[in-house]
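Reviewing the structure listed below.
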Amino acid sequence: QLVCEDVNVDRFYPVLYPKASRLILAFDEHVLSNHFKFGVIYQKLGQVQGVGGEHPWVLGSPVGQRPFVPGCEHVGVPLVSPQLQRKRHIGNDIVAVVFQDENTPFVPDMIASNFLHAFVVVQLEQASSQGTLYKVSVTARDDVPFFGPPLPDPAIFRKGPEFQEFLLTKLINAEYACYKAEKFAKLEEGRTRAALLETLHEELQARSQAMLG
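Residues in the sequence shown are numbered consecutively from 1, following full-length UniProt numbering.
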């Protein structure tokens, strides 16, 4: 209790299994994922079909080819009002990145989805002597906690590897943050975590007893 006031047990039992740390680490990393899938929306005012512009390449490679990071899947579709209800493959993602060619209003409610909780909007700025620049903004549901890295002020980035790394880090952290939202937290809290902890306890107890003979 000197270390943590929330501890309410009155005794501890030693764990004698030499590989116990591996089992505990596996339990602790259960909620971590090495594979991520993001929806990618290409929004161009008045666009009717096709995916154009240079935005899909900002993540590292063209849409439809090998992605910048293994495990990331990118889906590019035109964002046109009459077709929004049919973009169900985007609506099944948790996080989406929206690429814009110009200052186009984006309203998350235009996409019908019970899963999408966060959007990272990337807007092409005017070309300058510094090269291609992008303006980044973020929007998320109220119950999604803040996720880094924080946006600079102004949130303007130059196209290049550093921006790719920032954007992908932001998207990955957004997905982790969304899992803490009420909809997803309840699912995790009521099922796998408690069951895995019980399994870990039983295995460590059995292994320790086996070591004692």
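Heads up, the beta-carbon is just placed ideally off N, CA and C, and yes, glycines get one too.
Which runs of the beta strand (DSSP E) at least 3 residues long sit entirely within the region 152-206? Give them in chain order.
Segments of the beta strand (DSSP E) lying fully in the region 152-206: 156-158.
Three-state class that DSSP yields for Ser137 in the structure shown
Position 137 of the sequence shown holds residue 137. In the structure shown, Ser137 sits in a strand (DSSP, three-state: E or B).
What would DSSP say about Gln43, mapped onto helix, strand or coil?
Here residue 43 refers to the residue found at position 43 of the sequence shown. Gln43: strand per DSSP, three-state reduction.
For the region 115-132 against the region 170-180, do three or more pairs of beta-carbon atoms, one drawn from each stretch, fall closer than 8 Å, so that the two count as touching?
Taking a cut-off of 8 Å on C-beta distances, the region 115-132 touches the region 170-180, as three or more cross pairs fall below it.
Close-in-space but distant-in-sequence residues of the same chain around Leu23 (CB under 7 Å, 5 per side omitted)
Indexing the sequence shown from 1 puts residue 23 at position 23. Closer than 7 Å at Cβ, skipping near neighbours: Leu200, Glu203 and Leu204.
Since Asp142 contacts Phe115 with CB under 8 Å, what's their CB separation in whole angstroms?
Along the sequence shown, one-based indexing puts residue 142 at 142. Along the sequence shown, one-based indexing puts residue 115 at 115. Not quite, the Cβ-Cβ distance comes to about 16 Å (not below 8 Å), so this is no contact.
Tell me Leu124's beta-bridge partners as DSSP assigns them.
As a first step, residue 124 must be located in the sequence shown, where it is residue number 124. DSSP output for Leu124 lists Tyr134 as bridge partner(s).
For Ser208, the three-state DSSP class (helix, strand or coil)
Locating residue 208 in the sequence shown gives position 208, where the first residue counts as 1. Residue state, collapsed to three classes: helix.
Return yes when the Cβ of Val40 is within less than 8 Å of the Cβ of Ala96, no when it is not.
Locating residue 96 in the sequence shown gives position 96, where the first residue counts as 1. Locating residue 40 in the sequence shown gives position 40, where the first residue counts as 1. A contact, by the Cβ cut-off of 8 Å.
Let's test the definition: count the other Cβ atoms within 10 Å of the Cβ of Val107 and tell me whether it reaches 16, buried, or not, exposed.
Counting from 1 along the sequence shown, the entry for residue 107 is found at position 107. Val107 is exposed by the Cβ-count criterion.
When you compare the CB positions of Gln100 and Gln164, do they come within less than 8 Å of one another, or not?
Your numbering for residue 100 matches position 100 in the sequence shown. Your numbering for residue 164 matches position 164 in the sequence shown. No, the pair does not count as a contact, with Cβ atoms beyond the cut-off.
Rounded to the nearest angstrom, what separates Ala20 and Glu102 at their Cα positions?
Residue mapping note: residue 20 aligns to position 20 of the sequence shown, counting from 1. Residue mapping note: residue 102 aligns to position 102 of the sequence shown, counting from 1. Computed Cα separation, rounded: 55 Å.
Looking at Tyr176 and the ligand PLP, is the gap between the Cβ and the nearest heavy atom below 7 Å?
With respect to small molecules bound, the structure shown includes none, and the ligand PLP cannot be examined in it.
What does Val98 pair with, by DSSP beta-bridge criteria?
As a working note, residue 98 is residue 98 in the sequence shown. Val98 is bridged to Ile41 and Val121.
Give the straight-line distance between the Cα atoms of Thr104 and Leu124, rounded to the nearest whole angstrom.
One-based indexing of the sequence shown puts residue 104 at position 104. One-based indexing of the sequence shown puts residue 124 at position 124. Approximately 11 Å between the Cα atoms of the pair.
Using beta carbons (cut-off 8 Å, strictly below), is Lys37 in contact with chain D?
This model lacks chain D altogether, as it is built from one protein chain only.
Given that a residue counts as buried once 16 or more other Cβ atoms are within 10 Å of its Cβ, and exposed if not, what is Tyr13?
One-based indexing of the sequence shown puts residue 13 at position 13. Tyr13 is exposed by the Cβ-count criterion.
Using the beta-carbon count (16 or more within 10 Å), is Glu175 buried or exposed?
Looking up residue 175 in the sequence shown gives position 175. Under this definition Glu175 is a buried residue.
Alpha carbon to alpha carbon, how far is Asp6 from Ser208?
In the sequence shown, the residue the question calls residue 6 occupies position 6. In the sequence shown, the residue the question calls residue 208 occupies position 208. Taking C-alpha positions only, Asp6 is separated from Ser208 by approximately 26 Å.
Backbone secondary structure at Leu23 - three-state DSSP:
Working through the sequence shown from its first residue, we reach residue 23 at position 23. Three-state result, Leu23: helix.
Can you tell me whether Pro108 is helix, strand or coil according to DSSP?
Position 108 of the sequence shown, counted from the first residue, corresponds to residue 108. Reduced to three states, the DSSP call for Pro108 is helix.
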